[in-house]
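Peer 1: Please read through the structure below; I'll follow up with questions.
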Amino acid sequence: YVPVWADGCFEISDSMPWETAAMMDLLAVGCHVARRGNIKPEMPIVIIGAGPVGNSIIQLANILGAGKVIVLDQAELALTLARIAGADSVLDSRELTNSKIVDLVLKTTDGIQPVSIFDTVGTKKSFDLGIRLLGHAGTYVNVAVHDLNLDVNSMSIASEKTITSSCNFETIDYEDTLR
Numbered sequence: 019y020v021p022v023w024a025d026g027c028f029e030i031s032d033s034m035p036w037e038t039a040a041m042m043d044l045l046a047v048g049c050h051v052a053r054r055g056n057i058k059p060e061m062p063i064v065i066i067g068a069g070p071v072g073n074s075i076i077q078l079a080n081i082l083g084a085g086k087v088i089v090l091d092q093a094e095l096a097l098t099l100a101r102i103a104g105a106d107s108v109l110d111s112r113e114l115t116n117s118k119i120v121d122l123v124l125k126t127t128d129g130i131q132p133v134s135i136f137d138t139v140g141t142k143k144s145f146d147l148g149i150r151l152l153g154h155a156g157t158y159v160n161v162a163v164h165d166l167n168l169d170v171n172s173m174s175i176a177s178e179k180t181i182t183s184s185c186n187f188e189t190i191d192y193e194d195t196l197r
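End of the sequence shown = 197 in our numbering, gap-free, step of one.
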């Protein structure tokens, strides 16, 4: 047993299997990240990294009515799981330059730049890619924050782009995930 504050505990429905309940923390993180990314209905989004958090963002993006959900990763298993989670398009980025990825994403979205970019990798390359892909008034969310200095040309964030980060979740995210 572990002592916890009562307001940090949530009742799990008898109809919810334990396997599902065990994933609630991860889904609450995905819920919080999706909110931070300001997903717009019918507008495309890109998720860089198809690990557990990336896949939870896919599910939340679909619930929130995002347009095309495009996922990038370098592992076949991760890309397969992204398809199962509901990604509209998956790109194996192992052999692709950032320029080629931008071209493929824009082809997939009929030229519409994504308004939400979720970076679950957190490298200089993924940051540069995310900023290049991000459309007018879009939001880039760094989910994998590292101690990394990034060079940002101020013109690359022109047109009212927002750069932010996300970590963990808030109580409301957990409550909404249970619904």
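Just so it is clear, CB atoms sit at the ideal spot from N, CA and C, and this is done for glycine as well.
None of the values given here were measured: they were computed from a predicted structure.
Quick one: Cα of F145 to Cα of M34, how far?
Peer 2: If you take the alpha carbons of F145 and M34, they lie about 38 Å apart.
Peer 1: Would you kindly report the start and end of the unbroken beta strand (DSSP E) that includes D91?
Peer 2: D91 -> beta strand (DSSP E) spans V87 to D91.
Peer 1: Specify, as a first and last residue, the run of the beta strand (DSSP E) that V159 falls within.
Peer 2: Residues T157 to N160.
Peer 1: Starting from the N-terminal side, write out each stretch of the beta strand (DSSP E) that is 3 residues or longer and does not extend beyond the region 108 to 158.
Peer 2: Counting whole runs of 3 or more residues, the region 108 to 158 contains the beta strand (DSSP E) stretches 134 to 137.
Peer 1: Are the CB atoms of M61 and P132 nearer to each other than 9 Å?
Peer 2: Yes.
Peer 1: Looking at the structure shown, is S183 part of a helix, part of a strand, or coil, going by DSSP?
Peer 2: Looking at S183 - three-state DSSP - the assignment turns out to be strand.
Peer 1: CB V64 to CB S134, shorter than 9 Å?
Peer 2: Closer than 9 Å, so yes.
Peer 1: Checking 9 Å against the spacing of the C-beta atoms, do A105 and I76 come in under that value?
Peer 2: Cβ distance < 9 Å, so A105 and I76 count as in contact.
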